[in-house]
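In my numbering, the protein residues as written are 2 to 141.
A quick write-up on the structure given underneath.
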Ligand code: DQA
C-alpha cells in the first residue's frame, strides 16, 4: 500500500519552530517512527515551501497512490489552487494539522482543503498523521 505524506510551508522547521505549539521533534524523526509503526506501508514523504510545487506533487501522486496525508500548513487557509488539486485527483486525501486550528486565530478556521478531503484531523499533535494513515489502511 502506497501512502504519501505531504507537508507544506515551514513544516521543514518542526523541532525548532514555535515549539510550544508544534513540539520539539523534527518531522524526519517522526517519519522514522511512522515507518516503524506501519512496516507494510510504502511511504513517500514530500515537503515544500512553494505552493506550485505542492500542487505538482499532489497531481503527480494523485492517480497512483492509495492515500495522501496532507498538511498544507499556511496554504490551507489561502490556497484555492491546492483545494482544486485535491478535487481533481482520484487518491483520497486526509487533511492533518498538528495544532488545533479552531482554537487559534480566526483566519486559521478557513480551510480550502477540508471540503475536498475525505476527512480532517487537527489538534492531536504529530499523532494526527498516524491516525490518518491508520484510517487509510483500514479503508482498504
Ligand atoms: C498547521 C496550522 C496552520 O495554521 C499553520 O499555518 C501551520 C501548521 C498545523 O499543522 O497545525 O503552518 O498546519
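Yeah, the Cβ is synthetic: ideal placement off N, Cα and C, and Gly gets one too.
Check your understanding: Does DSSP put residue 57 in a helix, in a strand, or in coil?
Key -> In this structure, residue 57 counts as helix in the three-state DSSP scheme.
Check your understanding: Do you know how far the Cα of residue 117 is from the Cα of residue 6?
Key -> 17 Å
Review point. Rounded to the nearest angstrom, how far is the Cβ of residue 11 from that of residue 28, given a contact under 8 Å?
Key: Their Cβ separation, rounded to whole angstroms, is 11 Å, which puts residue 11 and residue 28 out of contact at 8 Å.
Exercise for review: May I ask which residues mark the beginning and end of the alpha helix (DSSP H) holding residue 19?
Suggested key: Element bounds for residue 19: n/a, residue is neither H nor E.
Practice item. Alpha carbon to alpha carbon, how far is residue 96 from residue 76? Give it in angstroms, no decimals. Key: 12 Å
Review point. Thinking just about the alpha-carbon of each residue, which of 60, 134, 110, 111 is nearest to the one in residue 32?
Key: 134
Check your understanding: Per the contact definition of three or more C-beta pairs closer than 8 Å, is the stretch 61-70 in contact with the stretch 86-96?
Key -> For the pair of segments examined, the stretch 86-96 was found to touch the stretch 61-70: the number of CB pairs separated by less than 8 Å reaches three.
Check your understanding: Comparing the CB of residue 78 with every heavy atom of the ligand DQA, is any distance shorter than 7 Å?
Key -> yes
Check your understanding: Is it buried or exposed for residue 81, if we count other Cβ within 10 angstroms and need 16 for buried?
Key -> exposed
Review point. Between residue 87 and residue 129, is the Cβ-Cβ spacing less than 8 Å?
Key: no
Review point. Should residue 118 be counted as a contact of the ligand DQA given a C-beta to heavy atom distance under 7 Å?
Key: no
Practice item. Would you give the residue range spanned by the beta strand (DSSP E) that residue 71 belongs to? Key: Where residue 71 is concerned, the enclosing beta strand (DSSP E) stretches over 68-72.
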